[in-house]
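Visitor:
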Amino acid sequence: MNRPSVVALDIETTGLNPRTDKVISIAIVTRDSEEVIDVAQIGKAEVRKKLSALREYDYIIAHNAKFDAAFIYTNFGILYDNLFCTMLASQIIKNGNPFGHNLLNCLQEYCSIEETNKEHKKLMRYRYIHHKYGTPITDSMKEYVLSDTKYLIPLYEEEMKQISLLKMEKVIALENKLVPAIIKMEIHGCLVDRKGWYKMLGKWEGIREGYLKTLDKELVNLASTIPALAGGKYTRPRHTEVIFQGDLFGYSKRIKTESKGSINFSSSSQLINLIKRVDGIELESVDEDSLQIYMNENPDTSLKKLINILLKYREYDKLLSTYGEKFLRKLDHNNYIHTNYSQCRTKTGRLASSSPNLQNIPGGDIRKFFIAAPGHQFITCDMDGAEISIAADFSGDPLLVSSIQDGIDMHSRLSSKSYSIIFGEDVTINNTEEELTVGKHTFKKVDLRKLHKNVTFAKFYKAGIERVYKTLSKYINLFHSGKKQRLSIASKVSKTIDNEMPVLTKSL
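In terms of UniProt numbering, the sequence shown opens at residue 1 and continues consecutively.
1) Buried or exposed for methionine 501, please, with buried defined as at least 16 other CB atoms from any protein chain shown within 10 angstroms of its CB.
2) Start and end of the beta strand (DSSP E) containing cysteine 381?
3) Using only alpha-carbon positions, find the residue among Ser353, Thr138, Leu320 and His452 that is nearest to glutamate 209.
4) Evaluate phenylalanine 378 with the Cβ neighbour count: other Cβ atoms within 10 Å of its Cβ, from every protein chain shown; 16 or more gives buried, anything less gives exposed.
5) What would DSSP say about serine 481, mapped onto helix, strand or coil?
6) Expressed to the nearest angstrom, what Euclidean distance is found between the alpha-carbon atoms of leucine 274 and leucine 472?
7) Use the C-beta contact count for glutamine 91: other C-beta atoms within 10 angstroms, 16 or more gives buried, fewer gives exposed.
8) Spatial neighbours of serine 488 within its chain, please: C-beta separation below 6 Å, excluding the five flanking residues on both sides.
9) Out of Thr138, Asp193, His338 and Val23, state which residue places its alpha-carbon closest to the alpha-carbon of lysine 184.
10) What are the start and end residues of the beta strand (DSSP E) that includes phenylalanine 99?
11) How far does the alpha helix (DSSP H) with lysine 132 in it extend, from its first residue to its last?
12) Where does the unbroken beta strand (DSSP E) through leucine 155 begin, and where does it stop?
13) Leaving out the 5 sequence neighbours to the left and right, which residues in its chain are closer than 6 Å to valine 493 when beta-carbon positions are compared?
14) Quick one: what does DSSP say phenylalanine 84 is sitting in, helix, strand or coil?
15) Report the partner residues of alanine 352 according to the DSSP bridge assignment.
16) To the nearest angstrom, how far is the alpha carbon of arginine 440 from that of glutamine 292?
17) Can you tell me whether alanine 392 is helix, strand or coil according to DSSP?
18) Just how far apart, CA to CA, sit glutamate 46 and leucine 54?
19) Going by alpha carbons, who is nearest to proline 299 out of Asp317, Leu215, Ser481 and Glu288?
20) If we count the other Cβ atoms within 10 Å of its Cβ and call it buried at 16 or more, is glutamine 405 buried or exposed?
21) For valine 39, report the span of its alpha helix (DSSP H) as first-last.
22) Grouping DSSP H, G and I as helix and E and B as strand, with all else coil, what is isoleucine 24?
23) From which residue to which residue does the beta strand (DSSP E) around valine 427 run?
24) Whole-angstrom Cβ separation of isoleucine 465 and leucine 448, contact assumed at under 8 Å?
25) From His188, Ala181 and Arg127, pick the residue whose C-alpha is nearest to that of histidine 333; which is it?
26) Under 8 Å, with one C-beta from each stretch per pair, do the region 64-83 and the region 120-140 reach the 3-pair mark?
27) Between the region 303-323 and the region 213-225, are three or more C-beta pairs nearer than 8 Å?
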């Protein structure tokens, strides 16, 4: 069997953004030749000709191939579909294990090659960073870019031995085929309705300020009836301070507007002190879970109304801090947002998004402002029950298999058993808008089922009691008091789910 024809590729650039920065040099290494292209000196047409010739090879090998290929795509209009990324290969080999997949670590791990001349390489990196584009690169700069590129083919060969032993050839082939699509997604970006977004921010700010005024009013009411809050400190009216900054010419500009009242509702220490003054209880934290637990354990607290308003206030304050001006500053001049995708960085091998993360955008108000470009349409699609299919194939568990072959709604079945334990009475959960009333509380069944799916999927990855409790704490805390009792309920839920999927549980 003939060895695949391969060529190694590495580039040096003026920066890290393929949409705005330029390629300075390109190193091309085969099994018996090497070349460094000084892009500015030979012109784009000649460079494009040399780069087009690389399509003839079975594989173009690069470490973090997405980076190199993205720059070649934006600078020269060539998008390769014959890439082999040695970084992706390492991430697949080491999946789930702690390991830094930079080139140095990979060469040490797979080829037993130690880096030498670290100071010299550091100097060369500095020269590339500060290189004036258009001036010739030096011989030492050429040697620097070749010094890593010449090891890429040996690295590829050693990694493929590991890939073969793991029988992961199809996986690495699939991941490499995905790289060009990822590049186009990142470069093109997604169009955002900036005007609509700003209108939404105005609406959120109005709601947040409304809750803030209500908080102030409730605090004043409490101060008039609770001796511990008497004395004026908690009855001061809220006022706005506008902070200006002057310049050398006597002009000033507004740099910050601060709303100040008797208490800063964003200050954990002040909230902890408030609760201590009213109820004599000092909390370690005032996050949402802690406050829900506090109200559940102290149902007669006079702070209940204020805390419920505070949680609503925080909801909109968080939306504004996460998706406000800071987020919109990430849009380019054409109102497109660009993210960075990582194919195999997560332990589960799922695609991840960062800077910003576009995979956790809330539905409804926010997601509707991501719009299709003119002449295009959005197509929304998803794999139906991908995790369940994989788990069923892996374990052969009867419940999982039945959910696929017979259409059994396993999520409704499992959530019904779990919530029956939590609520202390038999309940039936389904995927409808139907309401369920337990005691003084009313829930939508579809919401209960949706949350519980996270528990079921977590079980595929050996989730234990703590994970079950963390996911369902909102409801466990509502019906049970004391950490010991809550963990006991979470333990019963966890064991019940395990018993419903016994074959899967034993196979993990």
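Using N, Cα and C, we set each Cβ at its ideal position, and we do this for glycine too.
Guide: On the basis of the coordinates in this document:
1) The residue given as residue 501 occupies position 501 in the sequence shown. Methionine 501 is buried by the Cβ-count criterion.
2) The sequence position of residue 381 within the sequence shown is 381, counting from 1. It is not in any beta strand (DSSP E) - cysteine 381 carries neither H nor E in the DSSP assignment.
3) For this step, residue 209 is matched to residue 209 along the sequence shown. Checked all of Ser353, Thr138, Leu320 and His452; the closest Cα to glutamate 209 is Leu320.
4) Looking up residue 378 in the sequence shown gives position 378. Result: exposed.
5) Taking the first residue of the sequence shown as 1, we reach residue 481 at position 481. Looking at serine 481 - three-state DSSP - the assignment turns out to be coil, as it is neither helix nor strand.
6) Along the sequence shown, one-based indexing puts residue 274 at 274. Along the sequence shown, one-based indexing puts residue 472 at 472. Cα to Cα, leucine 274 sits roughly 28 Å from leucine 472.
7) Locating residue 91 in the sequence shown gives position 91, counting from the first residue. Label assigned to glutamine 91: buried.
8) The residue labelled residue 488 in the question sits at position 488 within the sequence shown. Cβ neighbours of serine 488 beyond the five flanking positions: none.
9) Position 184 of the sequence shown holds residue 184. Ranking the options by Cα distance to lysine 184, first place goes to His338.
10) The residue you call residue 99 lines up with position 99 of the sequence shown. Per DSSP, phenylalanine 99 belongs to no beta strand (DSSP E) and is neither H nor E.
11) Counted from its first residue, the sequence shown places residue 132 at position 132. Taken as a continuous stretch (DSSP letters only), lysine 132 belongs to no alpha helix (DSSP H), as it is neither H nor E.
12) Looking up residue 155 in the sequence shown gives position 155. Run containing leucine 155: none in the beta strand (DSSP E); it sits in the alpha helix (DSSP H), 152-165.
13) Taking the sequence shown and counting its residues from 1, the one referred to as residue 493 is at position 493. Answer for valine 493: Ser418, Ile421 and Val468, listed in chain order.
14) Here residue 84 refers to the residue found at position 84 when the sequence shown is read from its first residue. Here phenylalanine 84 sits in strand by DSSP.
15) By one-based count along the sequence shown, residue 352 stands at place 352. Answer by DSSP bridge pairing, in chain order: Ser342.
16) As a working note, residue 440 is residue 440 in the sequence shown. As a working note, residue 292 is residue 292 in the sequence shown. Before going further, note that residue 440 is lysine rather than arginine in the sequence given. Each residue's Cα considered, the two are about 16 Å apart.
17) Here residue 392 refers to the residue found at position 392 when the sequence shown is read from its first residue. Helix.
18) Residue mapping note: residue 46 aligns to position 46 of the sequence shown, counting from 1. Residue mapping note: residue 54 aligns to position 54 of the sequence shown, counting from 1. Those two C-alpha atoms are separated by around 13 Å.
19) Here the question's residue 299 lines up with position 299 in the sequence shown. Of the listed residues, the one whose Cα sits closest to proline 299 is Ser481.
20) What you label residue 405 is simply residue 405 of the sequence shown in a count that begins at 1. Exposed.
21) Within the sequence shown, the letter at position 39 stands for residue 39. Element bounds for valine 39: 39-42.
22) The residue you call residue 24 lines up with position 24 of the sequence shown. In the structure shown, isoleucine 24 sits in a strand (DSSP, three-state: E or B).
23) Your numbering for residue 427 matches position 427 in the sequence shown. No beta strand (DSSP E) holds valine 427; DSSP gives it neither H nor E.
24) Against the sequence shown, residue 465 aligns to sequence position 465. Against the sequence shown, residue 448 aligns to sequence position 448. Contact doesn't hold; Cβ gap of about 20 Å is too wide.
25) Taking the sequence shown and counting its residues from 1, the one referred to as residue 333 is at position 333. The shortest Cα separation from histidine 333 among His188, Ala181 and Arg127 belongs to His188.
26) no
27) yes
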